[in-house]
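Numbering (our numbering), first residue to last: 55 to 350.
Virtual Cβ for every residue (Gly too), placed ideally from N, Cα, C.
In what follows, a single structure is set out as structure tokens and then discussed.
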Ligand code: 5GP
Ligand code: MN
Ligand code: MN
């Protein structure tokens, strides 16, 4: 049982952070690629997020490593063609292990969203606007097809897809979850407060590396308009209960970068910038292999 409480200012993360930050440490962390390859006692993690079907526009080489992580929004609307294309691309990467979660743009992965869509679809519905995805350039029929693809995750054959689930690699416990505070009626949207907290309560206490799509409040969550968009209960959960070594996310593109509270390292790995240009570099870190485990 978790004893994390919903913050009274949960609905207003900007105001909540103003209160919370009075008792917080906050450091900026250097994001440079490590100069040397990892030694035998370390696992190299390479993190990206929010590539939005633009991987072919990336102008740099993806750094090699042991584990590749993508923190969601790999597509524009989760159309099957996008999923297949992403799967093909991730299959070309050299990393031994590849871990992917969904973001709000992977509409076809969210059964709740599909359900609402199927019931509400009509020419005047605001869902139609979402499914129109102007930049995607697909017609209504294609979009309908996107959400009617059963078990879309089965098309991700070249990676491990985590949705409220974990896995252990080299004795390192990793957990991934796609949910974020509601914004603009997308996939995996939940109300701020107890709805979000219920999902965070599923994260096991011994998680070493946590992957979410949304940032927690206060780290990598500052929107260009000056407000904070991170989840208050996610910060409380990671700091007070889960205490991972690393928390990896994306979603707020302009929040790209690394920070720390002195205990946990927070990585906003958004590859796309605010203009959906895939300009930001992957974020790379080396994790010491726990005692009793090895690279083989
Ligand atoms: P995406 O549509 O790729 O999930 O998010 C793209 C951009 O939308 C972010 O970089 C951010 O500027 C904005 N955005 C996403 N979620 C929120 C939110 O909850 N609140 C605010 N104010 N902006 C958001
Ligand atoms: Mn995004
Ligand atoms: Mn997003």
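Verify the contact flag: residue i, CB atom, against every heavy atom of ligand 3, threshold strictly below 8 Å.
i, result
"residue 218", "no"
"residue 124", "no"
"residue 274", "no"
"residue 208", "no"
Can we count residue i as close to ligand 2, meaning its CB is less than 8 Å from some heavy atom?
i, result
"residue 131", "no"
"residue 64", "no"
"residue 316", "no"
"residue 241", "no"
"residue 326", "yes"
"residue 127", "yes"
Check whether the Cβ atoms of residue i and residue j lie closer than 9 Å to each other.
i, j, result
"residue 123", "residue 153", "yes"
"residue 56", "residue 260", "no"
"residue 315", "residue 72", "no"
"residue 230", "residue 241", "no"
"residue 163", "residue 313", "no"
"residue 274", "residue 320", "yes"
"residue 99", "residue 339", "yes"
"residue 282", "residue 271", "yes"
"residue 132", "residue 161", "yes"
Would you please state the rounded distance, in angstroms, between the beta carbons of residue i and residue j? I believe it to be under 8 Å.
i, j, result
"residue 311", "residue 85", "6 Å"
"residue 60", "residue 248", "5 Å"
"residue 238", "residue 269", "Residue 238 to residue 269, Cβ: 17 Å. No contact."
What I want to know is whether the C-beta of residue i ends up closer than 8 Å to one or more non-hydrogen atoms of ligand 1.
i, result
"residue 250", "no"
Under 8 Å: do the segment 291-304 and the segment 115-122 share three or more Cβ pairs, one atom per stretch?
No: fewer than three Cβ pairs fall under 8 Å.
Check whether the segment 283-292 touches the segment 63-79, counting contact only when three or more Cβ pairs, one atom from each stretch, lie closer than 8 Å.
yes
Completely contained alpha helix (DSSP H) runs for the segment 223-287, where each covers 4 or more residues
248-254
Of all the beta strand (DSSP E) runs that stay within the bounds of the segment 78-145, which reach a length of 3 or more residues?
81-83, 96-102, 121-124
Would you check if there are 3 or more beta carbon pairs closer than 8 Å linking the segment 213-232 to the segment 141-153?
Verdict: yes, contact present.
Contact the segment 97-108 vs the segment 303-310: 3+ CB pairs below 8 Å
yes
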